[in-house]
Amino acid sequence: MSTVLSECIHTPMDTIKQKRQLSLKAYTGTIDCIRTVIRTEGVRALYASYTTTLVMGLPFNIFYFPVYEILRKLFKSDPHSHDPLAHVCAGGGAGAAAGAITNPFDVAKTRLQTQGDVGKPYRGLIDAMIRIWKEEGPAGYARGLLPRMLFYTTSAGIAWATYEYVKDLLGADKYLKEHPRAQ
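If you're matching positions, the sequence shown starts at 2 in our numbering and goes up one per residue.
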């Protein structure tokens, strides 16, 4: 539920970011971009990728958390010891894998967000996915793959290492080791 609500705010911001990065229209700034989009494309244009963003989150998380656990166990010999490098590597690997697997959705999301700027309208996620495949083949789904993987590698590696460090500071692993039934 929190994702559904947070994306109500995040999706329009991401749409504006994409339009500003694309730079096909001469917006004088962020506010001008928002006003122009609402005036020329309507408020719905700000949410063109909302469903896609929600749909993308499901497979991302389905892969992200199990891959992290598998890699954490692979990189860490003692499950109750704090090993920052193991957490960075496991988190980074999980982020890279989940980012790669969901990249086709991210490509479709970007196309939906920028369709008004490039003059290539889509009827929604499925239409975008089909047209990208037909017009560009598998390479179309791989656009931006490396930057997406690098983004999720670093952000997930840092996030997991930080999470595990704080968990260690609070003594969670020590408690679980002493109370195995609590797991």
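In this text, a Cβ means the ideal position worked out from N, Cα and C, and glycines have one as well.
_So, with DSSP's three-state summary, where would you put Gly30?_
coil
_Close Cβ partners of Pro85 (< 6 angstroms) along its chain, the five nearest in sequence each way excluded_ = If we look at Pro85 and ignore the five residues flanking it on each side, its Cβ neighbours are Ala162.
*Would you say the region 115-131 touches the region 67-75, given that touching needs at least three Cβ pairs under 8 angstroms?*
no
*Which same chain residues, not among the five before or five after Val108, have their C-beta less than 7 angstroms away from its C-beta?*
Ile133, Gly141, Tyr142, Arg144, Gly145
*Contact check, Leu59 vs Gly94 under 8 angstroms by CB: the rounded distance?*
Contact doesn't hold; Cβ gap of about 20 angstroms is too wide.
*Ends of the alpha helix (DSSP H) at Ala50?*
For clarity, residue 50 is Ser in the given sequence; the question names Ala instead. No alpha helix (DSSP H) contains Ser50, which DSSP labels as neither H nor E.
_DSSP-derived helix/strand/coil call for Lys77_ = coil
*State the start and end residues of the unbroken alpha helix (DSSP H) segment that holds Ala160.*
146-171
*Helix, strand or coil: which one does DSSP assign to His180?*
coil
*Please name the residue, chosen from Leu171, Ala97, Glu137, Ser7, that lies closest to Phe64 on a Cα-to-Cα basis.*
Measuring from the Cα of Phe64, the nearest candidate turns out to be Ala97.
*asked:* Please state whether the Cβ-Cβ distance between His88 and Glu137 is less than 8 angstroms.
replied: no
*For Met57, does the three-state DSSP call read helix, strand or coil?*
helix
*Of the residues Ala27, Tyr176, Asn62, which one's Cα is nearest the Cα of Thr103?*
Looking at Ala27, Tyr176, Asn62, the one whose alpha-carbon comes closest to that of Thr103 is Asn62.
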